[in-house]
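Enquirer: Structure provided below as structure tokens; questions to follow.
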Amino acid sequence: KQEVTQIPAALSVPEGENLVLNCSFTDSAIYNLQWFRQDPGKGLTSLLLIQSSQREQTSGRLNASLDKSSGRSTLYIAASQPGDSATYLCAPTGGGNKLTFGTGTQLKVEL
Amino acid sequence: GAVVSQHPSRVICKSGTSVKIECRSLDFQATTMFWYRQFPKQSLMLMATSNEGSKATYEQGVEKDKFLINHASLTLSTLTVTSAHPEDSSFYICSARAPATNEKLFFGSGTQLSVL
Numbered sequence: 001k002q003e004v005t006q007i008p009a010a011l012s013v014p015e016g017e018n019l020v021l022n023c024s025f026t027d028s029a030i031y032n033l034q035w036f037r038q039d040p041g042k043g044l045t046s047l048l049l050i051q052s053s054q055r056e057q058t059s060g061r062l063n064a065s066l067d068k069s070s071g072r073s074t075l076y077i078a079a080s081q082p083g084d085s086a087t088y089l090c091a092p093t094g095g096g097n098k099l100t101f102g103t104g105t106q107l108k109v110e111l
Numbered sequence: 112g113a114v115v116s117q118h119p120s121r122v123i124c125k126s127g128t129s130v131k132i133e134c135r136s137l138d139f140q141a142t143t144m145f146w147y148r149q150f151p152k153q154s155l156m157l158m159a160t161s162n163e164g165s166k167a168t169y170e171q172g173v174e175k176d177k178f179l180i181n182h183a184s185l186t187l188s189t190l191t192v193t194s195a196h197p198e199d200s201s202f203y204i205c206s207a208r209a210p211a212t213n214e215k216l217f218f219g220s221g222t223q224l225s226v227l
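Quick mapping for you: the protein sequence lines, in order, are chains A and B.
If you read the first sequence in this note's numbering, its first letter stands for residue 1, the second for the next number, and so on.
If you read the second sequence in this note's numbering, its first letter stands for residue 112, the second for the next number, and so on.
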């Protein structure tokens, strides 16, 4: 059974800082891994998707890396802004096309 | 980008009543939709996979007679919580994969169910 852990559980940083969110998973037999953003009481927004054959994906200030063999992914956010405040979830896709979600990292970017 | 619409966003009901939640893919056809539930400060847990024109596949521990799923068309899946009880209070979210998006999953905005 896939288990996904995200560290840290919560993070508070001043505006402008670069930061790294970590995700680890126990079963490396994955098809891809997605990073999502969830605002309070809202659904999820897909940020980046990395295929199992890829090492990283970039979108604007976001960069996600994947090391499938070691069961790790990181989400790098450059020059953080207050609007980045949200909960960030990683979710590898495994057998049966099923996603397993981590418990998330709650990010707060302060002015 | 692909849009998944979920309705209602919030519902409060009395114990024993049934509640229907709709999930629509607005600009694409989704042969498969997924239903999740999320308790406060916990992650999303997959409840069931909804397949158009066939029976849903439920995850272990999810009562299929309690959570009825219907996927009658390529753009609509519904989740009905039957005879709701306070312990069913949760945040329910649907999702779907849009074609030609490299397997990305798009989510509805969620439904907060409160059973009194």
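Each residue gets a CB set at the ideal place from its N, CA and C atoms; glycine is no exception.
Predicted model, so just to flag it, every value in this text is computed and none were measured.
#1: List, from N- to C-terminal side, the beta strand (DSSP E) runs of 3 residues or more that fit wholly inside the segment 27 to 81 of chain A.
#2: Could you work out which residue in Lys1(A), Leu89(A), Gly94(A) is closest to threonine 103(A) when comparing CA atoms only?
#3: Restricting to Cα atoms, I'd like to know which of Val192(B), Ala167(B), Thr186(B) is closest to glycine 219(B).
#4: Using 8 Å as the Cβ pair cut-off and three pairs as the minimum, do the segment 115 to 130 of chain B and the segment 154 to 171 of chain B touch?
#5: Taking Cβ-Cβ distances shorter than 8 Å, what residues in chain B pair up with serine 46(A)?
#6: Can you look up proline 92(A) in the DSSP assignment and give me helix, strand or coil?
#7: Count the other C-beta atoms from every protein chain shown that fall within 10 angstroms of the C-beta of lysine 68(A), then say buried if there are 16 or more, exposed otherwise.
#8: Please say whether threonine 160(B) and phenylalanine 145(B) have beta carbons closer to each other than 7 Å?
#9: What span of residues does the beta strand (DSSP E) with asparagine 22(A) cover, start to end?
#10: Along the chain, where does the beta strand (DSSP E) containing glutamate 100(A) start, and where does it finish?
#11: With a cut-off of 7 Å, does the C-beta of asparagine 32(A) fall near any C-beta of chain B?
#12: What is the DSSP secondary structure of glutamate 110(A), reduced to helix, strand or coil?
#13: I'd like to know whether the C-beta of leucine 11(A) is nearer than 7 Å to at least one C-beta of chain B.
#14: Determine, using beta carbons only, whether glycine 164(B) comes closer than 7 Å to chain A.
#15: In whole angstroms, what is the alpha-carbon distance linking cysteine 134(B) and cysteine 205(B)?
#16: So, with DSSP's three-state summary, where would you put proline 119(B)?
#17: Using a threshold of 7 Å, state whether the C-beta atoms of leucine 33(A) and leucine 11(A) are closer than that.
#18: Compare the C-beta of glycine 49(A) against all C-beta atoms of chain B and say whether one is closer than 7 Å.
#19: Within 7 Å of any Cβ in chain B, is that where the Cβ of phenylalanine 101(A) sits?
#20: Can you tell me the Cα-Cα spacing of glutamate 56(A) and lysine 152(B), whole angstroms?
#21: Along the segment 55 to 68 of chain A, where does the CB come closer than 9 Å to a CB of chain B? Name the residues.
#22: Buried or exposed: arginine 148(B), going by 16 or more other Cβ atoms within 10 Å of its Cβ?
#23: Can you tell me where the beta strand (DSSP E) with serine 161(B) in it begins and where it stops?
#24: Around the Cβ of valine 114(B), are there at least 16 other Cβ atoms within 10 angstroms (buried) or fewer (exposed)?
Expert: Per the coordinate set shown:
#1: Runs of the beta strand (DSSP E) inside the segment 27 to 81 of chain A: 32 to 38, 44 to 51, 56 to 59, 62 to 67, 72 to 77.
#2: Relative to threonine 103(A), the option among Lys1(A), Leu89(A), Gly94(A) whose CA is nearest is Leu89(A).
#3: Nearest C-alpha to glycine 219(B): Thr186(B).
#4: Three or more Cβ pairs closer than 8 Å define a contact, and the segment 115 to 130 of chain B falls short of that threshold against the segment 154 to 171 of chain B.
#5: Near serine 46(A) (Cβ distances below 8 Å), the residues of chain B are Lys215, Leu216, Phe217, Phe218.
#6: Strand, per DSSP.
#7: That one is buried.
#8: The answer is yes: Cβ separation under 7 Å.
#9: 19 to 25 is the span of the beta strand (DSSP E), which, as asked, contains asparagine 22(A).
#10: The sequence shown places threonine at residue 100(A), not glutamate. For threonine 100(A), there is no enclosing beta strand (DSSP E), as DSSP marks it with neither H nor E.
#11: Closer than 7 Å to the CB of asparagine 32(A) there is at least one CB belonging to chain B.
#12: Residue state, collapsed to three classes: strand.
#13: Contact with chain B is absent for leucine 11(A), since none of that chain's Cβ atoms lies less than 7 Å from the residue's Cβ.
#14: Not closer than 7 Å to any Cβ of chain A, the Cβ of glycine 164(B) fails to qualify, so no.
#15: Roughly 6 Å between the two C-alpha positions.
#16: Of the three classes helix, strand and coil, the one that applies to proline 119(B) here is coil, per DSSP.
#17: Contact flag unset, no.
#18: Reading the sequence as shown, one finds leucine at residue 49(A) and not glycine. So, interface residue.
#19: So yes, phenylalanine 101(A) belongs to the interface.
#20: Put simply, the backbone Cα of glutamate 56(A) is about 28 Å away from that of lysine 152(B).
#21: The segment 55 to 68 of chain A vs chain B, Cβ under 9 Å: nothing.
#22: Arginine 148(B) sits buried, since 16 or more C-beta atoms from the chains shown fall within 10 Å of its C-beta.
#23: For serine 161(B), the uninterrupted beta strand (DSSP E) segment begins and ends at 155 to 162.
#24: Exposed is the call here.
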